[in-house]
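In terms of this note's numbering, the sequence shown opens at residue 702 and continues consecutively.
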Amino acid sequence: MASAEIHDLYDSILILDFGSQYSHLITRRCRELGVYCEMLPCTQKMADLSWKPKGIILSGSPYSVYAEDAPHVDPAVFEAGVPVMGICYGLQEMALTHGGKVEAHTHREYGFARITVEKTGNAGADALFAGIDIPEEGMTVWMSHGDQVASLPPHFLTVAHTPTSPWTAIAHESKPFYGVQFHPEVTHSKQGKLVIGSFVNNICGVKPGWSMESFIPKEIARIREICGDKGQVIGAVSGGVDSTVAAKIMHEAIGDRFHAIMVDNGVLRKDEAKKVKKMLTDDLGVNLTVVDASDLFLGRLKGVEDPEKKRKIIGNTFIEVFEEEAAKIEKACAEDKSKGPIEWLLQGTLYPDVIESISFKGPSATIKTHHNVGGLLEDMKLKLIEPLRELFKDEVRALGRLLNIPAHLVGRHPFPGPGLAIRILGEVTREQVQILQHADDIYIEEIRAAGLYDQISQAFAALLPVRAVGVQGDARTYDQVIALRAVSTEDFMTADWFEFPAGVLKKISSRITNEVRGINRVTYDITSKPPGTVEWL
Ligand code: XMP
């Protein structure tokens, strides 16, 4: 029997992305409504789609529909026999496809607007706003367009207007096609979620069913079906949220047939390997092997200062160590007749990575080589199993809480694969690692004590390659400098530095200079991204 796919388990909405900065928010809003949805590039051919959506949403776009290089949907979208809603550019694309006209308008609409919803008397056309309690003065929405519909396509009706735009929302007179010029997916459109809900729940008829509570048993059943009675799975864990949640769900599904491997690369945070071992093995029951490869990693990092070289060494050495350990587990499984072969490799891929990799605009430029375990597959000939592939980060956190993963771990800041090696500017030695581990530990402890940890997206200390003069006790010192970094960000593409209360910084600085041998100065990094990056290397 073919493995159960997510679309067999949930009614799904298809979102076709024309590259708007808000596109992923449509996905978020649908998920919040308990509706499973997937976003694919607008160039998706309907004939190539392996599942049947219950409805289709066309996103906004930075393009003009009438421009020569403008992206267009497969006309089969309108022949799929399911409801379609176009948002902003999506509405204009729908209008153009059906014989309407779209033009640049003298009165551009950016920001808040009030729309007046009209009753056409046609129940189908009125369905989009039916049941929404619209204030007398109109519905407050967020607009962001320079083009607008200049003549309505045949068989379409006007269902909402603004003083400058007569066709702010349109609907077909006999088919379930709707278009809105505003952006219901952004929170500034106060009743926007109701409009999306009206489309997905009422018009498409999707019953809310998507929740992490419902995801767990379904995903466990899916994993069991994929792995069969004996199939074995291996996977790397780091102690981060994604790999821990992925490991726990694998353990729930197939018990000790999931083999987790943690590689101690010598550049982890203070006592990290010990803490992860305790949590995964003792608290969560996951079958885990910790490999202490710190000598190997630190040996290879000797004398290396270049950040990209550090990343490459750590990435390649990680693959080598992981494969060696996996081969040992594989051998043990082969010798034990009660066990099947290792066929699968667990990866903690999340939905934003999937969207990014198939984006209509193409993957965004890689500023740094981000290390992951992607390189493992080719040599190992294992099949990928990715239980978090459909989830956003906050869904993974919700899943983690339901799987009894401790709260402090579920809310943890991200930690990069190359670890402290990209926070030690200059050569990475065991002594430098210990200094940084100690300072970082104090910093995070004080942030937690001040109750600020959850307000910060990522905080860490970096060890600078300079020496400064200080006076400690009565003696003059010539020691190293710690830079503290803390940022707030939505997506890590841009970030603001975090505004600490001065008292908190004062305490952190005093503790670090008093307690960490070799440090006589602490600075706070007040650079946003851009122009800086989050990490120092
Ligand atoms: P940057 O420094 O690029 O960081 O602004 C953005 C986010 O990415 C993390 N980061 C990495 N993660 N391997 C990783 O796994 C890397 O090489 C790497 N470099 C940066 C960084 O910690 C932040 O969360």
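Ideal Cβ placement from N, Cα and C applies to all residues, glycine included.
Contact check, residue i vs residue j, beta carbons under 8 angstroms
| i | j | result |
| --- | --- | --- |
| residue 1121 | residue 902 | no |
| residue 946 | residue 1100 | yes |
| residue 966 | residue 1023 | no |
| residue 714 | residue 746 | no |
| residue 1164 | residue 1143 | no |
| residue 1239 | residue 723 | Outside the modelled stretch of the chain, which goes from 702 to 1238, sits residue 1239, for which no answer is possible. |
| residue 1088 | residue 950 | yes |
| residue 1160 | residue 1145 | yes |
| residue 764 | residue 790 | yes |
| residue 772 | residue 744 | yes |
| residue 941 | residue 973 | no |
| residue 711 | residue 910 | yes |
| residue 935 | residue 960 | yes |
| residue 840 | residue 809 | no |
| residue 948 | residue 924 | no |
| residue 854 | residue 801 | yes |
| residue 785 | residue 759 | yes |
| residue 962 | residue 994 | no |
Where residue i falls: helix, strand or coil (DSSP)
| i | result |
| --- | --- |
| residue 1069 | In this prediction, residue 1069 scores a pLDDT of 48, lower than 50, which makes its location untrustworthy; no coordinate-derived value is stated. |
| residue 791 | helix |
| residue 1008 | helix |
| residue 1161 | strand |
| residue 952 | helix |
| residue 1050 | coil |
| residue 776 | helix |
| residue 705 | Unreliable positioning characterises residue 705 in this predicted model, as indicated by a pLDDT of 46, which lies under 50. The coordinate reading is nonetheless provided below. Coil at residue 705, not helix or strand. |
| residue 882 | coil |
| residue 1064 | Bear in mind that the predicted position of residue 1064 carries a pLDDT of just 42, short of 50, making it unreliable; the figure below should be weighed with that in mind. Three-state DSSP puts residue 1064 in coil, outside helix and strand. |
| residue 1074 | Residue placement at residue 1074 is poorly supported in this model, since its pLDDT is 42, which falls under 50; the coordinates are not used for a value here. |
| residue 1153 | coil |
| residue 1203 | helix |
| residue 771 | coil |
| residue 1168 | strand |
| residue 1218 | coil |
| residue 1032 | helix |
| residue 1138 | helix |
| residue 1013 | helix |
| residue 857 | strand |
| residue 1038 | coil |
| residue 1125 | strand |
| residue 847 | strand |
| residue 721 | coil |
| residue 910 | coil |
| residue 786 | strand |
Nearest candidate by alpha-carbon position, reference residue i, set the options
| i | options | result |
| --- | --- | --- |
| residue 1220 | 1128, 1133, 1145 | 1133 |
| residue 1094 | 1055, 971, 846, 1086 | 1055 |
| residue 1083 | 919, 1145, 933, 865 | 933 |
| residue 728 | 780, 894, 877 | 894 |
| residue 1156 | 1198, 1126, 1176 | 1198 |
| residue 1001 | 974, 968, 984 | 968 |
| residue 848 | 841, 992, 792, 1138 | 792 |
| residue 1180 | 992, 1109, 1213 | 1213 |
| residue 1150 | 1167, 1204, 851 | 1204 |
| residue 1168 | 1224, 1187, 1208, 983 | 1224 |
| residue 844 | 876, 1016, 887 | 887 |
| residue 1008 | 1237, 828, 761 | 1237 |
| residue 1190 | 943, 1115, 837 | 1115 |
| residue 1239 | 876, 1166, 1141 | Since the first and last residues shown for the chain are 702 and 1238, residue 1239 lies out of range. |
Range covered by the alpha helix (DSSP H) that runs through residue i
| i | result |
| --- | --- |
| residue 898 | 893-898 |
| residue 712 | Premise fails: residue 712 is in no alpha helix (DSSP H) and is neither H nor E. |
| residue 824 | 824-827 |
| residue 815 | Taken as a continuous stretch (DSSP letters only), residue 815 belongs to no alpha helix (DSSP H), being part of the beta strand (DSSP E) at 802-818. |
| residue 839 | Looking at the DSSP string, residue 839 is not in any alpha helix (DSSP H), and its letter there is neither H nor E. |
| residue 873 | Where residue 873 is concerned, there is no enclosing alpha helix (DSSP H), although the beta strand (DSSP E) it sits in stretches over 870-873. |
| residue 1101 | 1094-1103 |
Beta carbon proximity, residue i to chain C, threshold 8 angstroms
| i | result |
| --- | --- |
| residue 726 | Chain labels in this structure do not include chain C; a single protein chain is all it has. |
Residue range of the unbroken beta strand (DSSP E) whose run includes residue i
| i | result |
| --- | --- |
| residue 738 | 737-742 |
| residue 1245 | This structure gives no information on residue 1245, because the portion of the chain shown stretches from 702 to 1238. |
| residue 1182 | 1176-1189 |
| residue 965 | 959-965 |
| residue 937 | 933-937 |
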